[in-house]
Amino acid sequence: MLRQASAKIFQTLVVLVIVSIASFSLLKLAPGDPVVLMLGSEYSQDSYDELQAQLGLDQPVALQYVRWLRDFVTGDWGNSYVAKTDIFAFVVTQALPVTLTLTACAIVLAILIGVPLGVVSAVRKDSAWDVGIAAFALTGTAFPSFFLGIVLIWFFAVKVGFFPVMGFVAPWEDFWSGMLHLVLPALTLSTFFIGMIVRVTRAAMVEVLEQPYITAAIARGEPHRRVIWVHGFRNILMPLVTVIGLQLGAILQGAVLTETVFSLPGLGQMLTGAVLGREYVLVQAGVMLTATLFILVNLAVDLSYPFLDPRLRAR
Amino acid sequence: MTHTILPEMIVPRPLSRGPASPDPYLPGTPGSDPLLTVTGLTVYRGSRRILDDVSFTLARGETLALVGESGAGKSTIASALMGLLAGRARVTGQAAFDDVPDLLAITSKGWSGLRGQRIAMIFQDAGAALNPCFTVGSQLTSVLRRQLGLDRATARQRAVTLLDSVGLNDAAARMSAYPHQLSGGMQQRVMVAIALACDPDLLFADEPTSALDVTIQAQIVRLILDQTRAKGASCVFVLHDLALASQTCDRIVVLYAGQVMESGPSDVVLNDPRHPYTRLLKSCVIEIGTHDLDPPDGSVPGYDDLPGGCRFATRCPRRLPRCAAERPPLTTLAGRSLACWNPETGE
Amino acid sequence: MTMTDDPIAPQRRARKQARRSMFIRRPFFTVSLIVAVGFVACAVFAPLIAPYDPVQQSITAMMAPPGGAHLLGTDSYGQDILSRIIYGARYALLIAFFAILIGATGGLILGTAAGLTTGWVEWVLLRVIDSILALPSLILAIAVIAILGQGVDKVAIAVGISMIGPFARTVRSDVLQVSSQLFVEAAGLMSITRLTVIWRHILPNIVFPLGVQITVRVSEAILVSSSLSFLGIGVTPPTPDWGLMIAEGRGFVSFAPWMSGMPGIALALLLIALAIVGDGIREEFDPKMRGHQ
Numbered sequence: 001m002l003r004q005a006s007a008k009i010f011q012t013l014v015v016l017v018i019v020s021i022a023s024f025s026l027l028k029l030a031p032g033d034p035v036v037l038m039l040g041s042e043y044s045q046d047s048y049d050e051l052q053a054q055l056g057l058d059q060p061v062a063l064q065y066v067r068w069l070r071d072f073v074t075g076d077w078g079n080s081y082v083a084k085t086d087i088f089a090f091v092v093t094q095a096l097p098v099t100l101t102l103t104a105c106a107i108v109l110a111i112l113i114g115v116p117l118g119v120v121s122a123v124r125k126d127s128a129w130d131v132g133i134a135a136f137a138l139t140g141t142a143f144p145s146f147f148l149g150i151v152l153i154w155f156f157a158v159k160v161g162f163f164p165v166m167g168f169v170a171p172w173e174d175f176w177s178g179m180l181h182l183v184l185p186a187l188t189l190s191t192f193f194i195g196m197i198v199r200v201t202r203a204a205m206v207e208v209l210e211q212p213y214i215t216a217a218i219a220r221g222e223p224h225r226r227v228i229w230v231h232g233f234r235n236i237l238m239p240l241v242t243v244i245g246l247q248l249g250a251i252l253q254g255a256v257l258t259e260t261v262f263s264l265p266g267l268g269q270m271l272t273g274a275v276l277g278r279e280y281v282l283v284q285a286g287v288m289l290t291a292t293l294f295i296l297v298n299l300a301v302d303l304s305y306p307f308l309d310p311r312l313r314a315r
Numbered sequence: 001m002t003h004t005i006l007p008e009m010i011v012p013r014p015l016s017r018g019p020a021s022p023d024p025y026l027p028g029t030p031g032s033d034p035l036l037t038v039t040g041l042t043v044y045r046g047s048r049r050i051l052d053d054v055s056f057t058l059a060r061g062e063t064l065a066l067v068g069e070s071g072a073g074k075s076t077i078a079s080a081l082m083g084l085l086a087g088r089a090r091v092t093g094q095a096a097f098d099d100v101p102d103l104l105a106i107t108s109k110g111w112s113g114l115r116g117q118r119i120a121m122i123f124q125d126a127g128a129a130l131n132p133c134f135t136v137g138s139q140l141t142s143v144l145r146r147q148l149g150l151d152r153a154t155a156r157q158r159a160v161t162l163l164d165s166v167g168l169n170d171a172a173a174r175m176s177a178y179p180h181q182l183s184g185g186m187q188q189r190v191m192v193a194i195a196l197a198c199d200p201d202l203l204f205a206d207e208p209t210s211a212l213d214v215t216i217q218a219q220i221v222r223l224i225l226d227q228t229r230a231k232g233a234s235c236v237f238v239l240h241d242l243a244l245a246s247q248t249c250d251r252i253v254v255l256y257a258g259q260v261m262e263s264g265p266s267d268v269v270l271n272d273p274r275h276p277y278t279r280l281l282k283s284c285v286i287e288i289g290t291h292d293l294d295p296p297d298g299s300v301p302g303y304d305d306l307p308g309g310c311r312f313a314t315r316c317p318r319r320l321p322r323c324a325a326e327r328p329p330l331t332t333l334a335g336r337s338l339a340c341w342n343p344e345t346g347e
Numbered sequence: 001m002t003m004t005d006d007p008i009a010p011q012r013r014a015r016k017q018a019r020r021s022m023f024i025r026r027p028f029f030t031v032s033l034i035v036a037v038g039f040v041a042c043a044v045f046a047p048l049i050a051p052y053d054p055v056q057q058s059i060t061a062m063m064a065p066p067g068g069a070h071l072l073g074t075d076s077y078g079q080d081i082l083s084r085i086i087y088g089a090r091y092a093l094l095i096a097f098f099a100i101l102i103g104a105t106g107g108l109i110l111g112t113a114a115g116l117t118t119g120w121v122e123w124v125l126l127r128v129i130d131s132i133l134a135l136p137s138l139i140l141a142i143a144v145i146a147i148l149g150q151g152v153d154k155v156a157i158a159v160g161i162s163m164i165g166p167f168a169r170t171v172r173s174d175v176l177q178v179s180s181q182l183f184v185e186a187a188g189l190m191s192i193t194r195l196t197v198i199w200r201h202i203l204p205n206i207v208f209p210l211g212v213q214i215t216v217r218v219s220e221a222i223l224v225s226s227s228l229s230f231l232g233i234g235v236t237p238p239t240p241d242w243g244l245m246i247a248e249g250r251g252f253v254s255f256a257p258w259m260s261g262m263p264g265i266a267l268a269l270l271l272i273a274l275a276i277v278g279d280g281i282r283e284e285f286d287p288k289m290r291g292h293q
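In structure tokens, the structure reads:
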């Protein structure tokens, strides 16, 4: 188990290095000279050379990469060209908390809704419930989230006037207002994921319910609810956790869109703003962060398997 | 002299435990106070009748074997009687159990207090029948706590005692083991412990040894028999081995393609089989060792192309023209029940 | 033994008899296919169908509600929404087509390479695929857009690159499956050159699953491209792109909901139809799905 885990961690490190090289080359491939961008239109050759040396851009590319990686890991992400603010501080204190809050809420919401629906679907396989839930799941996964957000805004804000529509209030500052502001975005973001969870839960549960240990649990007098939610559910945790890890990327990309729909100042807004403003360092930071988050969460999922299934533990 | 038994069996049994009445058709069986009376058990899966009018009785403290080839419906009988076919097959007939008028009529909630407590089951493959995600101890104690209302500490103590009594060495340490960490034999011992945890009146053992090594099979069968006899429980063994059945059980019911062919006391049925099918089964048991294993010609027919009468008719060496068309009733003959138009004569 | 495994044979026979046309057995699939084909027709015959020029602005008909001369209303520039939706189908499907072409080609090369190599080369290739997959397709597309800039062609390239990873992964597993089958091993034993094995034996066997993958991923390509446009970094106005139209209508939701609503419904309808078609095709033809149901 320990050997598998260390092999997995090594693989993850290699993947992180490849992603970092790709992110680094993003900066190299981007049109325009960063030195020129920082200096503006009026500059002399001397000041150009000076800044280039200061940024280390006169060094060989490999060395530049190593330096860049060192700076990135230590949290020195440089300043934004235009606003001249520290990117790391901005991302970590402002953009990332918003995105992570939204993502976490959406995941929790999706699990709370998706798992029971999937289980009901499996238990009442081929019933009208099952068909209805399957249709809902398919619509949920296929429906474009950004349009769903607009529909929700139109309905709840314009027609019903219930939820606050735009903006972000940090739940750690004003919990209720924050949560209220998060309801519609989280719902928007989670819809697709609910569909995914329903499908995975149903498929796994249908298979588990056919296992002899379920029949045996019924035969020894375990009540129906306990058979499903204890004996059955414990055995679908692994596919469930796997799909959450694998779909994290899709959730993060959904968050980018949802943030734009509801004007939440998270990573998504940062990314789009950065592309439009040609702030390549910000784009790079966003790309690196998303990938790292995805990779680390999936490493955690992989490492969690032995805890989810005792059979995978070392004998 | 032959007479049909069926009408007598349909007569409803008194709901309370009355004074032991002598079994009318099986004289001399130990404790002829009936615990389980199955009458006309029929199971449909889709349009296929996978059990066809199966009837038998089981006396208190008696051990009964359901014998037949794979696909004969032996396990289905156990599943049907425990209500485990719900939603998967249509079940008709009647099964009176002790003071319960009909097990087959019970719906979900009515099973509480019965399953696990008064009726228990041991499954074919213990490795698959134990939940892989829970420890042996938690699966055993949860039964004890739920069914007997024991507290955590008492349940644990009781569980260790139980595991010890089924011959699991180092029982206290095994409590925290997961099923996959145990050998097949140990898994089946755990299953036995779980099944007997609440001292059931009736135990179904569904081919409890078929997934085990030959050397361990005998141990497990002995264990189940010893345990059930010690507790005065009745036991229904599902087996495909006629010899094993006759050695271990008081009575035998021979099934073919969902129909009862012959049933009676073990020694009677094995020593002097009168149904051609039982004789065929016996011959292939006896001939092991001397000849190659010689299974009955062909195999159990598909359920779609069964004859309307006796289902064995297509393979029967003694078939008469009427066999395929007309179902022979269960009649008594020489101390056993028999469904055959042309039974063998005694040896 | 239980009866459970015994009666399978007649069941299978019954299923074979029921194997009439999948169009009759799957009515939702058929309806969805018709919807999808309808969108393709719109895309192909846009100039013939569209009642107005999609970029013709009109001050007199600004934000006209649906009905009358403009069936689905007009936007804030007075452009006819129905015509823009019809032309939008053209852009959506065009981008999806080229994106899939890029993604499937890239995925085919990378996936085949990863599937046929062994040892450390395979290991490295797998890590490269892992790295691509670590980025959600939209984020990867955003990164490519950041380098390339905006525009229809750039969006197609960006979306295409973002799809290489998923394609590569499935192609690799198909290659592994095919090459583990006996006939490839046999061909290997007969010392036929490696390239011949790939060309004659492996490629023909992964083309079909790849086709299934393509139908499933068309909707993803459309979703990502319209997402880019919605974010304002994809196709530039006044190109009639659904994502762009939805974004433009966002500010007018309270008094002109049709501006976002109509293209949004068109997009949702197409995506749902494609999802049903994709599910149907996968369930019917994907060998990995067979037996599941």
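Protein chains in written order, with the working numbering: chain P, 1 to 315; chain D, 1 to 347; chain Z, 1 to 293. Note that the Cβ used here is the ideal one computed from N, Cα and C, for glycine as well.
In the structure shown, P/Tyr-43 falls within a coil segment according to DSSP collapsed to helix, strand and coil. Residue pairing for P/Asn-298: DSSP places it in no beta bridge. At the C-beta level, D/Asp-164 and P/Pro-212 stay beyond 8 Å of one another. At a cut-off of 8 Å, the C-beta of D/Gln-147 has a neighbouring C-beta in chain P.
In this structure, the beta-carbon distance from Z/Tyr-91 to Z/Thr-239 falls below 8 Å. With respect to D/Phe-56, D/Val-38 sits close: the two C-beta atoms are nearer than 8 Å.
When only Cα atoms are considered, Z/Ile-147 and Z/Gly-67 end up about 43 Å apart. With respect to Z/Met-262, Z/Gly-88 sits apart: the two C-beta atoms are not nearer than 8 Å. Only exposed fits Z/Phe-45, as fewer than 16 other CB atoms lie within 10 angstroms of its CB.
With three or more CB-CB distances shorter than 8 Å, the segment 135–145 of chain Z counts as touching the segment 223–240 of chain Z. Taking all protein chains in view, the Cβ of Z/Val-218 is crowded by 16 or more other Cβ atoms within 10 Å, so the residue is classified as buried.
When secondary structure is reduced to three states using DSSP, D/Val-260 falls in the strand class.
With its beta carbon at least 8 Å from every one in chain P, Z/Leu-82 lies outside the interface. Sequence-distant partners of Z/Lys-154 (beyond 5 residues in either direction) whose C-beta falls short of 7 Å from its own C-beta, in its chain, are Ile-145, Leu-148.
Look at Z/Ile-142 here: in three-state DSSP terms it is helix.
Inclusion of D/Tyr-277 and D/Phe-237 in the CB contact set at 8 Å is not warranted, their separation being larger than that value. When rounded, the separation of the alpha-carbon atoms in Z/Gly-119 and Z/Leu-108 is 20 Å. One Cα belongs to P/Gln-11, the other to Z/Val-128, and the distance between them is close to 11 Å. By the C-beta density criterion, P/Trp-68 is buried, having at least 16 other C-beta atoms within 10 angstroms. Per the coordinates, the alpha-carbon of P/Ala-122 lies some 18 Å from the alpha-carbon of D/Ala-89. Here D/Phe-123 has Ala-129, Met-191, Asp-206, Pro-208 as same chain residues with Cβ atoms under 8 Å from its own Cβ, once five neighbours each way along the sequence are excluded. Restricting attention to D/Phe-134, D/Glu-262, D/Asp-99, the CA atom closest to the CA of D/Glu-344 is found in D/Glu-262. Sequence-ordered contacts of the segment 272–288 of chain Z with chain P read Ile-272, Leu-274, Ala-275, Ile-276, Asp-279 [C-beta pairs closer than 8 Å]. Partner residues in the beta bridge of D/Met-121, as assigned by DSSP, are D/Phe-204.
For D/Ala-313, no alpha helix (DSSP H) encloses it, and the DSSP letter there is neither H nor E.
Between Z/Ala-99 and Z/Gly-160, the C-beta spacing is below 8 Å.
Inclusion of P/Ala-291 and Z/Ala-134 in the CB contact set at 8 Å is warranted, their separation being smaller than that value. Using a CB distance cut-off of 8 Å, D/Val-238 does not count as an interface residue toward chain P.
The alpha-carbon of Z/Arg-250 is positioned some 38 Å away from that of P/Ile-21.
Comparing alpha-carbon positions, the option among D/Leu-225, D/Val-269, D/Leu-306 lying closest to D/Val-254 turns out to be D/Val-269. Contact between the segment 269–279 of chain P and the segment 227–237 of chain P is not established, with fewer than three Cβ pairs separated by less than 8 Å.
Residue D/Leu-162 holds the alpha-carbon nearest to the alpha-carbon of D/Val-143 among D/Leu-162, D/Gly-127, D/Pro-132. In this structure, the beta-carbon distance from P/Ile-18 to Z/Ser-131 falls below 8 Å. By the rule that beta-carbons nearer than 8 Å mark a contact, P/Gln-253 touches chain Z. In the structure shown, the three-state DSSP call for P/His-231 is helix. By the rule that beta-carbons nearer than 8 Å mark a contact, Z/Ser-32 does not touch chain P.
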